[in-house]
Amino acid sequence: MLESTYNKRSREGAKEAGLIRLYPDPILRRRAREVKPGSPAAREAAQRLRQALSQAEGLGLAANQVGALVRVVLARLGAREWVLINPEVAWRSPELETDSEGCLSLPGVEAEVARPAQIRVRALSEEGEELLLELEGLEARLLLHEIDHLDGGLYIDHLAAAERRRVLREYRRARELAEEGVPSRE
140 MLESTYNKRS REGAKEAGLI RLYPDPILRR RAREVKPGSP AAREAAQRLR QALSQAEGLG
200 LAANQVGALV RVVLARLGAR EWVLINPEVA WRSPELETDS EGCLSLPGVE AEVARPAQIR
260 VRALSEEGEE LLLELEGLEA RLLLHEIDHL DGGLYIDHLA AAERRRVLRE YRRARELAEE
320 GVPSRE
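Put into structure tokens, the structure is as follows:
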């Protein structure tokens, strides 16, 4: 479960610091543009992602979640933290796995999402080195989730209409309670 791995207090800290954009911020629905490794835009996005993710203690973030419309992702894959520039899915397995997913831009709600069990992703490192990552399970799910963000998508887009409405109702209710100062169920 992606969201369940996040520490609520840390997630709230990053949100209160204004680092992570929350749904329905329009930037979350915009497609990010490719960026050159080492460029000022790529370096600034990577810095903002590191700052936000360190406060949120999540597994990954995409640049548009921190207000930068460039194709940069920060992901914790295994014991390593990766900054991936211009990531693209090169291959998806036909086998799907369903698991619970959440998002730092939609805090407090989760839903079951089916995603390919294995993927190959091409990307560039911060230094411009070509990378080919072969991922499965949670790591594949995480990177697919973050690449969706770069394309202006959210995990709720993978849900049936009734389930999406339910998740958004829960999210709005959680935000209303947070604004009123009522602690969440987490």
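To convert, take the position in the sequence shown, counting from 1, and add 139; that gives the working numbering.
Glycine residues also receive a C-beta, built at the ideal position from the N, C-alpha and C atoms.
To the nearest angstrom, report how far apart residue i and residue j are at their CA atoms.
i, j, result
"L243", "I159", "7 Å"
"R210", "N225", "5 Å"
"R148", "Y310", "Note on R148: pLDDT 38, under 50, position unreliable in the model; the coordinate value appears next. Going by the C-alpha atoms only, they are around 17 Å apart."
"A229", "G247", "32 Å"
"E234", "G276", "11 Å"
"E266", "V321", "45 Å"
Identify the continuous beta strand (DSSP E) that holds residue i and give its terminal residues.
i, result
"V228", "R219 to R231"
"G247", "L245 to P255"
"E315", "Premise fails: E315 lies in the alpha helix (DSSP H), A300 to E319, not in any beta strand (DSSP E)."
"E236", "L235 to C242"
Could you please give the first and the last residue of the uninterrupted alpha helix (DSSP H) stretch that includes residue i?
i, result
"Q190", "P179 to A195"
"G276", "G276 to L289"
"L216", "That residue, L216, is in no alpha helix (DSSP H); its beta strand (DSSP E) goes V211 to L216."
Using a 10 Å radius around the Cβ and a threshold of 16 neighbouring Cβ atoms, would you call residue i buried or exposed?
i, result
"G120", "Nothing about residue 120 can be reported from this structure: the residues present for the chain run from 140 to 325 only."
"L192", "buried"
"Q186", "exposed"
"G241", "buried"
"E269", "exposed"
Which of helix, strand or coil does DSSP assign to residue i?
i, result
"R169", "coil"
"I295", "helix"
"V174", "coil"
"A202", "helix"
Hey, out of the options, whose CA is closest to residue i's CA?
i, options, result
"A253", "L298, G241, P176 and E196", "L298"
"R280", "L161, A202, L188 and L216", "L216"
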